[in-house]
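At position 209 of the sequence shown (counting the first as 1) the number is 209 in our numbering, and the numbers step up by one without a gap.
We put the beta carbon where it would ideally sit given N, CA and C, even for glycine.
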Amino acid sequence: MPLDAVCITALASELGAALSGARIDKVQQPAKDALLLTVYTRSGSRRLLISAAGSGARAHFTEERYENPEKPPMFCMLLRKHLTGARIDAVRQPAWERLLVLELTARDELGLEKKRALVCELMGRAANVLLLDEEGRITDCLRRVDFGETAYRRLLPGMLYKYPQKPAKSCFFALTGEERRSLLAAAPRDKECSAWLLDTFSALSPLTARELDARSGGYERLGEAMDALAESVEAGETAPTLLELDGRAKDFSFMRVTQYGPSAVNREYASWSELLDAFYGGRERAEQLRRAAHDTLKSVRTLRDRQAR
């Protein structure tokens, strides 16, 4: 699943505590949609992975090993120029947005301190990474966007950065319990609870909407389930939880998932970085094995066909 707003809120807090005051020592770009920052923190050297992959946009510390291309891409070279030696002042998340902002202090060619920001938009296929200057203008970005792709904003060097357009729906966690129940009172009862939740509120993932449906058993107790979820998130009662089915990682959440019944295993991790590294690292290794098996099978078939001629 993609990171939802609640997961990113918890992740921002975790990364902010670890990265405040850290120095960026090295910038690498192991893939066209991934960056790897080696940073010196209070607890030593760590590697921060920032991925804008459509199927796994994320930012977290990693223990995985990545191969780098012989020649670094242009965006990587630009980041090295502006960010090597920069100090990370803070990591923040605009309220309930699926993005992280690394606030930085760097030095220019004259040795003067300049404020910069590295914006990580973690929104599925629209994921992106952008470097901003002191005025909030885009120095460059991993994926440039012109009006041909969106009428709302352009993501090009020199343009003032604009946050992604907000959905027309109300943010679930920004409403009061009374406001949520008012919307619930008008819900069509012939529609599935999870579908209504996703159509009505932003900041809820499909997994969370289904979980609210499963916990409430339908519209009659949905108001109670919504209140309980909002209260637990507001109190910071979240935990990085990996959901396993049949011994395989199925999904992850900020809470225990009950909708799959007793056969599902909820495995809590000590940190979001550990969970995301395990979930996506395992998926990537499985994909590499699948590709290797496919390539081997293709070679065997080619050799067999040649011998049969």
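For residue 87 and residue 21, believed in contact at Cβ under 8 Å, the rounded distance = For the purposes of this step, residue 21 is taken as the residue at position 21 of the sequence shown. For the purposes of this step, residue 87 is taken as the residue at position 87 of the sequence shown. Contact holds; Cβ gap of about 7 Å.
task = Please work out which residues of its chain come closer than 6 Å, Cβ to Cβ, to residue 59, disregarding the five sequence neighbours upstream and downstream, and give them in chain order.
result = Locating residue 59 in the sequence shown gives position 59, counting from the first residue. 50, 100, 120.
key: For residue 219 and residue 193, believed in contact at Cβ under 8 Å, the rounded distance   = Here residue 193 corresponds to residue number 193 of the sequence shown, with the count starting at 1. Here residue 219 corresponds to residue number 219 of the sequence shown, with the count starting at 1. Going by Cβ atoms, the distance from residue 193 to residue 219 rounds to 6 Å, so yes, they are a contact pair.
inquiry  = In the DSSP assignment, the beta strand (DSSP E) including residue 87 goes from what residue to what residue?
reply    = Position 87 of the sequence shown, counted from the start, is the residue given in the question as residue 87. That run of the beta strand (DSSP E) goes 87 to 92.
task = Give a single yes or no on whether residue 97 has its beta carbon closer than 7 Å to a heavy atom of the ligand ATP.
result = The ligand ATP is absent from the structure shown, which contains no ligand whatsoever.
ask   = Under a three-way DSSP split, which group does residue 109 fall into?
value = In the sequence shown, the residue the question calls residue 109 occupies position 109. Here residue 109 sits in coil by DSSP.
task = Have a look at residue 112 and residue 23 and give me their C-alpha separation to the nearest angstrom.
result = As a first step, residue 112 must be located in the sequence shown, where it is residue number 112. As a first step, residue 23 must be located in the sequence shown, where it is residue number 23. A direct Cα-to-Cα measurement between residue 112 and residue 23 gives close to 16 Å.
task = Tell me, please, which residues DSSP counts as bridged to residue 28.
result = As a position in the sequence shown, residue 28 is number 28, starting the count at 1. Looking at the DSSP assignment, residue 28 forms a beta bridge with 36.
query = Which stretch, first to last residue, makes up the beta strand (DSSP E) that contains residue 249?
reply = Taking the sequence shown and counting its residues from 1, one reaches residue 249 at position 249. Boundaries of the beta strand (DSSP E) around residue 249: 248 to 253.
message = Between which residues of its own chain and residue 139 is the CB-CB distance below 6 Å, once the five residues before and five after are set aside?
response = Position 139 of the sequence shown holds residue 139. Only residues of its own chain outside the window of five on either side were considered, and among them 131, 133 have a CB closer than 6 Å to the CB of residue 139, listed in chain order.
ask   = Closest by CA to residue 66, which one among 118, 301, 281?
value = Residue mapping note: residue 66 aligns to position 66 of the sequence shown, counting from 1. The candidate whose alpha carbon is nearest that of residue 66 is 281.
C-alpha gap between residue 48 and residue 189, whole angstroms = For the purposes of this step, residue 48 is taken as the residue at position 48 of the sequence shown. For the purposes of this step, residue 189 is taken as the residue at position 189 of the sequence shown. If you take the alpha carbons of residue 48 and residue 189, they lie about 46 Å apart.
inquiry  = By alpha-carbon positions, which one of 127, 170, 260, 70 ends up nearest to residue 199?
reply    = Looking up residue 199 in the sequence shown gives position 199. It is 170 whose Cα lies nearest to the Cα of residue 199.
inquiry  = Does residue 33 pass the burial test, meaning 16 or more other C-beta atoms within 10 Å, or should it be called exposed?
reply    = Taking the first residue of the sequence shown as 1, we reach residue 33 at position 33. Buried is the label assigned to residue 33, since at least 16 other Cβ atoms lie within 10 Å of its Cβ.
key: Distance, residue 128 Cα to residue 56 Cα   = In the sequence shown, the residue the question calls residue 56 occupies position 56. In the sequence shown, the residue the question calls residue 128 occupies position 128. Going from the Cα of residue 56 to the Cα of residue 128 covers about 12 Å.
query = With residue 260 and residue 242 assumed to form a contact (beta carbons below 8 Å), what rounded beta-carbon distance in angstroms separates them?
reply = Taking the first residue of the sequence shown as 1, we reach residue 260 at position 260. Taking the first residue of the sequence shown as 1, we reach residue 242 at position 242. About 13 Å; that fails the 8 Å criterion.
inquiry  = Assuming residue 232 is part of the alpha helix (DSSP H), what are its boundary residues?
reply    = On the sequence shown, residue 232 is found 232 positions in, with the first residue counted as 1. Counting along the chain, the alpha helix (DSSP H) containing residue 232 begins and ends at 222 to 234.
ask   = What are the partner residues of residue 141, as DSSP defines its beta bridges?
value = By 1-based counting over the sequence shown, the position of residue 141 is 141. Answer by DSSP bridge pairing, in chain order: 130.
task = Please say whether residue 10 and residue 98 have beta carbons closer to each other than 8 Å?
result = In the sequence shown, counting from the first residue as 1, residue 98 sits at position 98. In the sequence shown, counting from the first residue as 1, residue 10 sits at position 10. No, they are not a contact pair.
task = Quickly, what does DSSP pair residue 265 with across the bridge? List them, please.
result = Start at 1 with the first residue of the sequence shown, and residue 265 comes out as number 265. DSSP, once it has assigned bridges, lists 244 as partnering residue 265.
query = What separation, rounded to the nearest whole angstrom, lies between the Cα atoms of residue 223 and residue 210?
reply = If you number the sequence shown from 1, residue 223 lands on position 223. If you number the sequence shown from 1, residue 210 lands on position 210. About 14 Å.
task = Just grab the DSSP bridge partners of residue 59 for me.
result = What you label residue 59 is simply residue 59 of the sequence shown in a count that begins at 1. In the DSSP output, where bridge partners are listed per residue, residue 59 has 50.
inquiry  = Could you compute how far the alpha carbon of residue 165 sits from the alpha carbon of residue 52?
reply    = Here residue 165 refers to the residue found at position 165 of the sequence shown. Here residue 52 refers to the residue found at position 52 of the sequence shown. When rounded, the distance between both Cα atoms is 18 Å.
request  = Could you give the DSSP three-state label for residue 80: helix, strand or coil?
outcome  = Here residue 80 is taken as the residue at index 80 of the sequence shown, counted from 1. In this structure, residue 80 counts as helix in the three-state DSSP scheme.
ask   = Among residues of its own chain, excluding the 5 on either side of residue 163, which ones have a beta-carbon nearer than 8 Å to its beta-carbon?
value = Numbered from its first residue, the sequence shown carries residue 163 at position 163. Hits under 8 Å: 94, 97, 99.
ask   = When DSSP labels each residue in this structure, what does residue 186 get in the three-state scheme?
value = Stepping through the sequence shown from its first residue, residue 186 is reached at position 186. Coil at residue 186, not helix or strand.
key: Proximal residues to residue 256 (C-beta, below 7 Å), its chain only, five neighbours per side dropped   = In the sequence shown, counting from the first residue as 1, residue 256 sits at position 256. Cβ within range, chain order: 241, 266.
message = Could you pull the DSSP bridge partners for residue 120 from this structure?
response = Walking along the sequence shown from the start, residue 120 turns up at place 120. According to DSSP, residue pairing for residue 120 in a beta bridge involves 100, 129.
ask   = How many Å lie between residue 143 and residue 221 at the Cα?
value = Here residue 143 refers to the residue found at position 143 of the sequence shown. Here residue 221 refers to the residue found at position 221 of the sequence shown. Roughly 44 Å between the two C-alpha positions.
query = Using DSSP with H/G/I as helix, E/B as strand and the rest coil, what is residue 275?
reply = Locating residue 275 in the sequence shown gives position 275, counting from the first residue. Reduced to three states, the DSSP call for residue 275 is helix.
ask   = Between residue 207 and residue 124, what straight-line distance do the alpha-carbon atoms span, to the nearest angstrom?
value = Taking the first residue of the sequence shown as position 1, residue 207 is located at position 207. Taking the first residue of the sequence shown as position 1, residue 124 is located at position 124. Each residue's alpha carbon lies about 15 Å from the other.
Distance CB(residue 27)-CB(residue 62) smaller than 8 Å = Start at 1 with the first residue of the sequence shown, and residue 27 comes out as number 27. Start at 1 with the first residue of the sequence shown, and residue 62 comes out as number 62. No. Outside cutoff.
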